[in-house]
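Everything on this sheet refers to the single structure shown next.
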Amino acid sequence: QKEVEQDPGPLSVPEGAIVSLNCTYSNSAFQYFMWYRQYSRKGPELLMYTYSSGNKEDGRFTAQVDKSSKYISLFIRDSQPSDSATYLCAMSGGGYQKVTFGTGTKLQVIP
Amino acid sequence: GAVVSQHPSRVICKSGTSVKIECRSLDFQATTMFWYRQFPKQSLMLMATSNEGSKATYEQGVEKDKFLINHASLTLSTLTVTSAHPEDSSFYICSAYRVAKGKTEAFFGQGTRLTVV
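Heads up: the protein sequence lines correspond to chains A and B, in order. Just so we're aligned: 95 in the working numbering is position 95 of the first sequence, and the numbers increase by one with no gaps anywhere. Just so we're aligned: 60 in the working numbering is position 60 of the second sequence, and the numbers increase by one with no gaps anywhere.
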């Protein structure tokens, strides 16, 4: 079993839809959870950062962490074609511990 | 916000030559940087961990003599692909951690697309 599981997609949605991206994990030591967006042929860009359980909102993006279920989500409201990218979840135990990534979910928002 | 700069963004080299890729943390000190490789439509594969002032730690299956890593300062790590071959063609990405008050944020460079002909 992988430490972090993420559905690779692709996920296609119409413009304006609410997108839900998810990851599950097995390591209960993970404390810090991140979501990255990666456009084709570019390095990943840090989108959201959360610590422990709870929600965090930033504009159209909401990150949720449920440590009891070992499940994290990223919601994108009013999705735009410019949101089309691969979204990677990542998590770590903090400090200089290795960050473990999901395989990424490819999202396509259709105009 | 923190920025990690990677250079060059794209390089084409002849088989048998060596290529150096630089990774700089621009507004924070990074004692640890990471080098990843990414094949098309696949996720990031950690190659090695670069530690300032000490030898890099390589992941299993990564040839340390082929992928030379030097972390000469707190803001610069370099990856040199020696005697490159076409199968080394890939997208290489560096990452630097900013650690403050126990919080770890991983920032990535823009990536380097290496094509060996």
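For each residue, glycine too, the CB sits at the ideal point set by N, CA and C. Model, not experiment: these values are computed from the prediction.
query, result
"So that I know if they touch, is there some Cβ in chain B lying closer than 8 angstroms to that of Ser68(A)?", "no"
"For Phe34(B), which option in Asp27(B), Thr49(B) and Glu22(B) has the closest C-alpha, if you only look at C-alpha atoms?", "Thr49(B)"
"Mind listing the chain A neighbours of Leu44(B)? Cutoff is C-beta to C-beta under 7 angstroms, in chain order.", "Phe101"
"Can you name the start and end residues of the beta strand (DSSP E) that His7(B) belongs to?", "Val4 to His7"
"For Tyr39(A), I'd like the list of residues in its chain whose CB is within less than 7 angstroms of its CB, leaving aside the five on either flank, ordered along the chain.", "Ala85"
"Classify Val148(B): buried if its beta carbon has 16 or more other beta carbons within 10 angstroms, exposed otherwise.", "The question about residue 148(B) has no answer, for chain B in this structure spans 1 to 117."
"Please report the residue range of the beta strand (DSSP E) in which Ser67(B) lies.", "The residue asked about is misnamed: residue 67(B) is Phe in this sequence, not Ser. Taken as a continuous stretch (DSSP letters only), the beta strand (DSSP E) holding Phe67(B) covers Phe67 to Ser73."
"According to DSSP, is Pro81(A) helix, strand or coil?", "helix"
"Helix, strand or coil: how does DSSP classify Asp27(B) here?", "coil"
"Among Gln6(B), Arg24(B) and Gln38(B), which one has its Cα closest to the Cα of Ser89(B)?", "Gln38(B)"
"Among Tyr32(A), Ser82(A) and Asn55(A), which one has its Cα closest to the Cα of Val99(B)?", "Tyr32(A)"
"Which one or two residues does DSSP pair with Arg113(B) in a beta bridge?", "Arg10(B) and Phe91(B)"
"With Val99(A) as the anchor, note down where its beta strand (DSSP E) starts and where it stops.", "From DSSP, Val99(A) is part of no beta strand (DSSP E); its letter is neither H nor E."
"For Lys14(B), I'd like the list of residues in its chain whose CB is within less than 7 angstroms of its CB, leaving aside the five on either flank, ordered along the chain.", "Val117"
"Assess, as a yes-or-no matter, whether the region 102-112 of chain B is touched by the region 44-52 of chain A under the definition of 3 or more beta carbon pairs within less than 8 angstroms.", "yes"
"Quick check on Gly53(B): buried or exposed, where buried means 16 or more other Cβ atoms within 10 Å of its Cβ?", "exposed"
"Between the Cα of Ser20(A) and those of Asn27(A), Phe30(A), Gln6(A) and Ser26(A), spot the shortest distance and give me the residue it belongs to.", "Gln6(A)"
"Hey, Tyr36(B) and Met45(B): beta-carbon distance below 8 angstroms or not?", "yes"
"Measure the alpha-carbon distance for Tyr71(A) versus Tyr36(A) and round it to whole angstroms.", "16 angstroms"
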